[in-house]
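So the sequences go chain by chain: R and G. Numbered according to this note's numbering, the first sequence spans residues 1 to 82. Numbered according to this note's numbering, the second sequence spans residues 83 to 219. Virtual Cβ for every residue (Gly too), placed ideally from N, Cα, C. What you are looking at is a predicted structure, and each value in this text was computed from that prediction instead of being measured. Data first, discussion second: the structure below is written as structure tokens.
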Amino acid sequence: MQNDEIISKINQLLVDEIEIEEEKISPAADLKKDLEIDSLDFVDLFVIIERNFGVKMKAEEMADIKNLQDFYDYIIKRVHSN
Amino acid sequence: MASFKEINLPQKPPMVMVDRIVEVIDKTTITAFLVKDDNIFCEDGLLREPGLIENIAQSAAAGIAANPADAGEEPKLGFIGAIRELKISRLPKSGDEIITSVTVTHEILNARVVDGKISLKGEQIAYCELRIFLESR
């Protein structure tokens with residue numbers, strides 16, 4: 001899977017599964033402040049990402065992920081390392 | 083693999099919705115529960131939907147409490163954060179014994195994602211995914 005496909009898929013999942021408004025999605029968007037992702041959404045994200053990318057996210061690695069670009073980079077790295 | 087006769091739950095009667103743990107295999111716990119007419123979630127002799135969900139949640143709690151790492155500890159309080167993919171095909175009636183299988187699919191800090199299935203006489207009658215948050219100690 002190419003990087004742009006991964007990003008597009010993540011964006012689609014955020015809209016469809018986490019119910020984030022499409023216009024709020026941008027690489028600089030802060031996950032908590034701008035996208036308003038709460039603890040329950042994070043749990044859903046773990047499940048959704050594993051189902052769609054086969055990537056088991058690690059909670060301790062999420063501490064450094066602040067914005068959507070960080071999140072894209074993390075998932076892309078994990079997808080390619082699988 | 084381990085078998086247990088006693089359960090360790092924070093709930094007290096009449097809210098206890100698990101009679102016994104049948105088996106714990108890795109992250110899967112199997113419990114049994116006899117539906118009685120005086121159950122708080124029974125109506126017209128049928129165990130209603132909230133009772134089925136509570137049964138799955140308590141089965142998960144019983145499995146978590148049965149973890150050897152928590153042996154001898156007071157059971158942690160858990161809170162249902164969300165219910166996903168709920169499917170109920172029929173309701174058990176008074177006198178039925180339901181068998182519930184719960185598997186912890188994800189552990190994310192103090193959150194647990196649990197797949198729960200309830201069977202009656204070998205037929206699956208309910209399924210859901212729960213997001214459970216455990217109290218921090």
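Those residues which DSSP pairs with residue i across a bridge
i        : result
His188/G : Val195/G
Arg78/R  : According to DSSP, Arg78/R bridges with nothing at all.
Tyr53/G  : Nothing can be reported for residue 53/G: it is not among the residues displayed for chain G, which extend from 83 to 219.
Leu128/G : Glu125/G and Lys175/G
Asp30/R  : Asn67/R
Leu216/G : Gly160/G
Ile20/R  : The partner list for Ile20/R (beta bridge, DSSP) is empty, contrary to what the question assumes.
Ile181/G : Ala114/G and Ser201/G
Which of helix, strand or coil DSSP assigns to residue i
i        : result
Glu60/R  : helix
Ile25/R  : coil
Phe42/R  : helix
Val136/G : According to the sequence displayed, residue 136/G carries Glu and not Val. Helix, per DSSP.
Leu68/R  : helix
Asp73/R  : helix
Ile48/R  : helix
Ile146/G : helix
Met83/G  : Annotation note: pLDDT 39 at Met83/G (below 50); position unreliable, coordinate value reported separately. Looking at Met83/G - three-state DSSP - the assignment turns out to be coil, as it is neither helix nor strand.
Start and end residues, beta strand (DSSP E) containing residue i
i        : result
Glu167/G : Gly160 to Ile170
Arg102/G : Arg102 to Ile107
Ala114/G : Thr110 to Leu116
Residue environment, residue i, which counts as buried when at least 16 other CB atoms sit within 10 Å
i        : result
Leu159/G : exposed
Asn137/G : buried
Pro27/R  : exposed
Thr110/G : exposed
Met57/R  : buried
Gly145/G : buried
Ile107/G : exposed
His80/R  : exposed
Arg194/G : buried
Pro174/G : buried
Ala63/R  : exposed
Gly54/R  : exposed
Spatially closest choice to residue i from the options, by CA coordinates
i        : options                                   : result
Pro132/G : Val106/G, Glu217/G and Cys210/G           : Cys210/G
Gln140/G : Lys118/G, Ile103/G, Ala208/G and Ser176/G : Ile103/G
Gln268/G : Thr182/G, Leu91/G, Met99/G and Val117/G   : Because chain G in this structure spans residues 83 to 219, residue 268/G falls outside the shown range and cannot be described.
Asn11/R  : His80/R, Ser39/R, Leu40/R and Leu45/R     : Leu45/R
Gly163/G : Met99/G, Gly127/G and Leu212/G            : Leu212/G
Glu167/G : Pro157/G, Ala142/G, Ala147/G and Val196/G : Val196/G
Gly29/G  : Val186/G, Leu216/G, Val98/G and Ala114/G  : Since the first residue shown for chain G is 83 and the last is 219, residue 29/G is missing from the structure and cannot be characterised.
Val184/G : Ser176/G, Leu128/G and Ser201/G           : Ser201/G
Ser176/G : Val117/G, Pro95/G and Val100/G            : Val117/G
Leu40/R  : Ile135/G, Leu191/G, Ala208/G and Gly198/G : Leu191/G
Ser218/G : Phe123/G, Lys169/G and Pro157/G           : Pro157/G
Ala120/R : Val47/R, Ile76/R and Arg51/R              : Since the first residue shown for chain R is 1 and the last is 82, residue 120/R is missing from the structure and cannot be characterised.
Arg172/G : Phe161/G, Asp101/G and Leu134/G           : Leu134/G
Residue i beta carbon near the ligand SAM (any heavy atom closer than 7 Å)
i        : result
Asp197/G : Although the ligand SAM was asked about, the structure shown includes no ligands whatsoever.
Span of the alpha helix (DSSP H), counted from its first residue to its last, around residue i
i       : result
Leu13/R : Asn3 to Asp16
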